[in-house]
Amino acid sequence: MTAAPIRRLLVANRGEIAARILRTAKAQGIECAVVRHAAEDGGLAPQLADAVVPIEGATPVAAYLDVAQIVGAARRWGADAVHPGYGFLSENPALARALDAAGISFVGPPPEVTELMGDKISARRFVAERGFPVAPSAIEADDPGSFARRALAVGLPILIKPAAGGGGKGMRIVRSAEVLEAELAAARREGERYFGDGRLFVERYVERPRHIEVQVLGDQHGSVVHFGERECSVQRRFQKIIEETPSPALDAGTRARICEVAVGIARAAGYVGAGTVEFIFGADGQFYFLEMNTRLQVEHPVTECVTGFDLVAEQLRVAAGEPLGYAQADIGFQGHAIELRLCAEDPAQGFMPATGSLLVLREPAGPGVRVDSGVVEGQRVGSDFDSLLAKLIVHGRSRSQALARARQALADTACLGVATNLDYLDRILAHPQFAAGDYSTAFLEEQAAELGGAAETPPIALLLAAAALSDGHMVAAAADMPRLYAQMGAWRN
Amino acid sequence: MKKIFRLGDTEHACSLLRGAEGLILETQGGPLLCALQPLGAARYRLGAGDEQAEALIARHGDRIWVRLRGRTHVLDAVDPLDALTAAGRHGGDGAQAPMPGTIVSVLVQPGAEVKAGQDLVVMESMKLEVTIRAPHDGRIAAVHCAPGDQVTLKFTLVSFEATT
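Right, here's the structure in full:
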């Protein structure tokens, strides 16, 4: 954290979030670079950046997780600030420290705050000590030898979480004591692999909760404000798929309370920069602190739609030492926004990550439609990274208008060559429970059969005609028709 | 020329013939007059019988991708000879990769007796860890992967000895 304007910004991330950060930074006249590993097809971000700085590692992911590589890239290119995006090193205080030692700003909270709030274990202690509600839990580091026993004492079902985690990685629900050891071992391996930290904790798993989070922002001068809540309960295996704001579950009083608690927690922690306080919201209307994400969140665009603020621009202002310059009362909320995550996952294959080349990519447009994409047509989608390809964000005056725009945006989208969850997203939006706003984090699992699309009948005759008529050999063999075959000549077989 | 296209779990045999008014698609459902008119940029006007629609179509090898009426469909051209040999193959039994990715650990060795559901291989892809379990009881004939290996979808990770 410094107090100097940012002139050269290195984005230490990839995909849609790197592209999204680059767009704001460029619009402010900041010169921008993005890192890239030689083995990846970088997609959109390298095209938007003024420069691409190579990073190295045994695997692409290892390079993005290597503090020395990122700091070295920033130095080589002469960056005066680094934006970490989300994931990778965004919540690793070692990056902020190493950058600070090199005289480079980190666009995010100071390392002490990330240490306190980015670490799930210390964060929940801190929050509980200040009288905010947290769920019953057991922490491995308290006494590793008795961890399994203490985990069971929390009361089944329990949820295993990596202490340093995020994005659902390494999280596992345990409903029976017999599988506890195996699930702990798997969660530990994932934690070590993705966060370089195998420490775990467990907490009581609340059945059918909602996941509601609050966007906060603090400056270097002690001001902290919130930008309202986001409803993130449409999740599959703890991965959010659809987010919206405002939450259909909150009345005005509860909304005010949950936002006030979030600001209270952020203020107590001396929070600086953009952050998100996540809560579990029970069917009884009670909520408790889940964790804090000390970075920009994937779903931040819905907040930008309803508030009109550019959160990346605010992050850059805060990192440059500027005061917020506005108060809570200056932040207004207009209409309703929904975000849909388009992922390279095949619903027909149990949502396994899918790979391939993006043969055809069509992105939607129109009033109230925003696309935060990280990919370009022709790009190869590999298995090295997270499966998120693009986010479709819609904004309307009302929830029903936003929902109608979301369905049209999906209809206008196409992604051929890589299996995606595109049609699955549409079935979720079409589901009466979603339309009513009446869903919990269990929604997708409970409605899996209906959302699987088995009830849909494909237009077989049209599809077979498409297959046969796009097959040059079949068309040529059907008759001696050189003219038609020439028309079809673009097909490669 | 006859071809088989797989759509989901179903295989459809098709032939294309020349008729007086255009091309005729012969399927199990009977003959249909069909047409495909390119509109540019992967977009086509498609007709089959009295059905008409605009579609985006892309082909990659034997796979055909069609975006039609707000849904994405995937068809695979199956060589009739391949279909025959696949049907005639019985032994070739093993555990396959459910996704492309990297092998994390291999938990069995050739010759090991395993029970149905026993963990064989741990692999990961896009930050997702998946354990591949034995589909049935049996003895491991060979292990075809090692930690760190990159494998493709449906790669046979472990094969079983044929049981008699």
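Going down the list, the sequences are from chains A and B. If you read the first sequence in the numbering used here, its first letter stands for residue 1360, the second for the next number, and so on. If you read the second sequence in the numbering used here, its first letter stands for residue 971, the second for the next number, and so on. Glycine included, every Cβ here is placed at the ideal spot set by N, Cα and C.
Exposed unless 16 or more other CB atoms sit within 10 angstroms - verdict on residue i
i	result
Val1486/A	buried
Asp1538/A	According to the sequence shown, residue 1538/A is Val rather than Asp. Val1538/A is exposed by the Cβ-count criterion.
Leu1009/B	exposed
Asp1020/B	exposed
Arg1059/B	Note that Arg1059/B scores a pLDDT of 41, beneath 50, so its modelled location is shaky; the value from the coordinates is reported in the next line. Per the 10 Å Cβ criterion, exposed.
Tyr1423/A	buried
Thr1772/A	buried
Lys1599/A	buried
Arg1595/A	buried
Ile1673/A	The sequence given here places Glu at residue 1673/A; Ile does not occur at that position. Result: buried.
Asp1610/A	exposed
Neighbourhood of residue i by C-beta distance below 6 Å, restricted to the same chain and skipping five residues each side
i	result
Ile1139/B	The question about residue 1139/B has no answer here: the residues shown for chain B are numbered 971 through 1134.
Ala1837/A	none
Leu1054/B	With a pLDDT of only 47 at Leu1054/B, under 50, the local geometry of the prediction cannot be trusted, and the value read off the model is given with reservation. Contacts found: none.
Ser1716/A	Arg1739 and Gly1776
Arg1626/A	Val1583
Ala1768/A	Pro1723, Val1728, Leu1751 and Val1753
Ile1498/A	Ile1480 and Phe1560
Run of the alpha helix (DSSP H) containing residue i, from where it starts to where it stops
i	result
Phe1506/A	Phe1506 to Ala1512
Pro1419/A	Pro1419 to Tyr1423
Met1833/A	Gly1831 to Ala1837
Thr1613/A	Ala1611 to Ala1627
Pro1791/A	Pro1791 to Ala1794
Ile1380/A	Gly1374 to Ala1386
Tyr1553/A	Leu1539 to Phe1554
Arg1766/A	Arg1758 to Ala1770
Arg1534/A	Taken as a continuous stretch (DSSP letters only), Arg1534/A belongs to no alpha helix (DSSP H), as it is neither H nor E.
Glu1736/A	That residue, Glu1736/A, is in no alpha helix (DSSP H); it is neither H nor E in DSSP.
Spatial neighbours of residue i in its chain, beta-carbon cut-off 7 Å, leaving aside the 5 residues before and after
i	result
Ala1642/A	Arg1567
Val1113/B	Val1076, Val1078, Gln1079, Pro1080 and Val1128
Leu1003/B	Gly989, Glu991, Gly992, Ile994 and Gly1019
Gly1017/B	Cys1004 and Ala1005
Cys1618/A	Val1573, His1585, Gly1587 and Glu1588
Thr980/B	none
Ala1056/B	Only weak support is given to the placement of Ala1056/B: the predicted model assigns it a pLDDT of 45, under 50, and the question is left unresolved by the model.
Option nearest residue i by Cα separation, candidates the options
i	options	result
Ser1868/A	Asp1669/A, Glu1698/A, Glu1537/A and Gly1684/A	As displayed, chain A neither begins before 1360 nor continues past 1852, which places residue 1868/A out of reach and without an answer.
Thr1714/A	Gln1693/A, Gly1737/A, Ala1724/A and Phe1646/A	Gly1737/A
Ile1102/B	Ala1005/B, Ala1047/B, Lys1124/B and Gly989/B	Lys1124/B
Ala1378/A	Gly1388/A, Asp1731/A, Phe1802/A and Arg1508/A	Asp1731/A
Ala1628/A	Leu1788/A, Arg1484/A, Ala1433/A and Ala1807/A	Arg1484/A
Gly1811/A	Gly1031/B, Arg1041/B and Leu986/B	Arg1041/B
Ala1417/A	Gln1428/A, Lys1385/A and Asp1409/A	Gln1428/A
Gly1374/A	Asp1400/A, Glu1650/A and Thr1779/A	Asp1400/A
Val1472/A	Trp1436/A, Tyr1630/A, Cys1702/A and Val1657/A	Tyr1630/A
Tyr1647/A	Asp1689/A, Gly1741/A and Pro1492/A	Pro1492/A
Whether residue i touches residue j by CB criterion (8 Å)
i	j	result
Lys1750/A	Pro1660/A	yes
Leu1038/B	Phe975/B	no
His1580/A	Ala1621/A	no
Ala1825/A	Ile1034/B	yes
Arg1489/A	Ile1517/A	no
Ala1761/A	Ala1363/A	no
Gly999/B	Ala1820/A	yes
Ala1494/A	Ile1519/A	no
Gly1514/A	Gly1733/A	no
Pro1470/A	Arg1456/A	yes
Thr1666/A	Gly1684/A	no
Arg1654/A	Gly1467/A	yes
Ala1421/A	Leu1369/A	no
Arg1766/A	Asp1785/A	yes
Host beta strand (DSSP E) of residue i (start-end)
i	result
Ile1519/A	Ile1517 to Pro1521
Leu977/B	Lys972 to Leu977
Pro1405/A	Where Pro1405/A is concerned, there is no enclosing beta strand (DSSP E), although the alpha helix (DSSP H) it sits in stretches over Leu1403 to Leu1407.
Glu1021/B	Glu1021 to His1030
His1396/A	Glu1390 to His1396
Spatial neighbours of residue i in its chain, beta-carbon cut-off 8 Å, leaving aside the 5 residues before and after
i	result
Cys984/B	Lys972, Lys973, Ile974, Phe975, Leu995, Glu996 and Thr997
Glu1474/A	Pro1452 and Ser1481
Asp1556/A	Pro1521, Ala1522, Ala1523 and Gly1550
Asp1797/A	Pro1607
Ser1464/A	Met1360, Thr1361, Ala1363, Ile1365, Asp1439, Ala1440, Val1441, Leu1458, Ala1678 and Ala1679
Ser1757/A	Gly1694 and His1695
Ala1082/B	Arg1109 and Ile1110
Thr1122/B	Ala1067 and Pro1070
Asp1743/A	Ala1398, Glu1399, Thr1418, Pro1419 and Val1420
Proximity test, residue i beta-carbon vs the ligand SAM heavy atom, cut-off 7 Å
i	result
Ser1129/B	In terms of ligand content, the structure shown is empty, and the ligand SAM therefore cannot be addressed.
Test: residue i CB closer than 8 Å to a CB of chain C
i	result
Phe1125/B	Going by chain labels, chain C is absent from the structure shown, which instead holds the protein chains A and B.
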